[in-house]
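Residue numbers (the numbering used here): 665 to 857.
Quick look at the structure:
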């Protein structure tokens with residue numbers, strides 16, 4: 665997760681042609697374990713910018729160049745819930761509570777995303793920068809998916825089969841403030857497949 669959130673901070677240092685999409689999916693196959701996949705797909709421009717610092721674009725995952733010229737970075741995790749919470753790329757901003765009836769309450773704190781935006785746009789020229797960045801990131805999003813045997817409650821969108829919840833933040837709406845971003849993405853679920 666840190667990787668996804670840290671790229672939000674990069675929004676304000678990238679050239680206007682740089683665009684990306686990020687998606688994180690976490691499944692709870694049982695009450696004790698979690699499986700996660702984090703995928704970021706970046707345009708060539710974003711890839712070049714992210715790589716120009718000498719750091720690899722995809723330092724701990726699997727990197728691939730797609731047929732359309734974009735680049736992907738895929739990271740996976742499989743282990744206990746405690747290991748997931750301790751993983752700096754996955755666990756940052758995430759909390760998991762065990763609830764009565766074998767339920768899990770999963771919450772991702774999104775306040776860092778919104779405070780980073782507020783801080784950056786409060787600077788001189790911030791509104792102009794915000795408009796230019798929104799145009800550059802139109803059509804791109806950061807999405808989170810959480811799944812189990814059943815979604816009991818969420819502030820996201822529940823899938824038709826009732827087994828997953830999704831929160832997708834369009835980056836242009838995030839930048840302009842038009843997207844309503846809750847302070848956290850919360851899911852109460854029954855673990856299982």
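Beta carbons: idealized from backbone N, C-alpha and C, even for Gly.
Sorted by chain position, which residues of the same chain lie with C-beta nearer than 6 Å to residue i's C-beta, five sequence neighbours on each side aside?
{"i": "residue 810", "result": "690, 770, 829, 851"}
{"i": "residue 761", "result": "769"}
{"i": "residue 670", "result": "Because residue 670 sits at a pLDDT of 46, beneath the cut-off of 50, its placement in the model cannot be relied upon, and the point is left open."}
{"i": "residue 733", "result": "708"}
{"i": "residue 807", "result": "687, 832"}
With distances taken between CB atoms, is the gap from residue i to residue j smaller than 8 Å?
{"i": "residue 798", "j": "residue 840", "result": "yes"}
{"i": "residue 766", "j": "residue 853", "result": "no"}
{"i": "residue 856", "j": "residue 694", "result": "yes"}
{"i": "residue 774", "j": "residue 716", "result": "no"}
According to DSSP, residue i sits in a beta bridge with which residue or residues?
{"i": "residue 737", "result": "704, 727"}
{"i": "residue 773", "result": "848"}
{"i": "residue 743", "result": "698"}
{"i": "residue 822", "result": "829"}
{"i": "residue 834", "result": "805"}
{"i": "residue 817", "result": "852"}
{"i": "residue 810", "result": "690, 829"}
Looking only at its own chain, which residues have a Cβ that is under 8 Å from the Cβ of residue i, when we skip the five neighbours before and after it?
{"i": "residue 724", "result": "739, 753"}
How would you call residue i, buried or exposed, if buried means at least 16 neighbouring beta carbons within 10 angstroms?
{"i": "residue 731", "result": "exposed"}
{"i": "residue 688", "result": "buried"}
{"i": "residue 705", "result": "buried"}
{"i": "residue 803", "result": "exposed"}
{"i": "residue 796", "result": "exposed"}
{"i": "residue 812", "result": "buried"}
{"i": "residue 764", "result": "exposed"}
{"i": "residue 750", "result": "exposed"}
By Cβ distance, which residues of its chain are closer than 7 Å to residue i, with the 5 residues on each side in sequence left out?
{"i": "residue 745", "result": "696, 697, 698, 760"}
{"i": "residue 711", "result": "721, 735"}
{"i": "residue 718", "result": "none"}
Start and end of the beta strand (DSSP E) containing residue i?
{"i": "residue 685", "result": "684–691"}
{"i": "residue 761", "result": "758–763"}
Output the boundary residues of the alpha helix (DSSP H) element that contains residue i.
{"i": "residue 732", "result": "Unbroken run through residue 732: none, as it is neither H nor E."}
{"i": "residue 752", "result": "752–755"}
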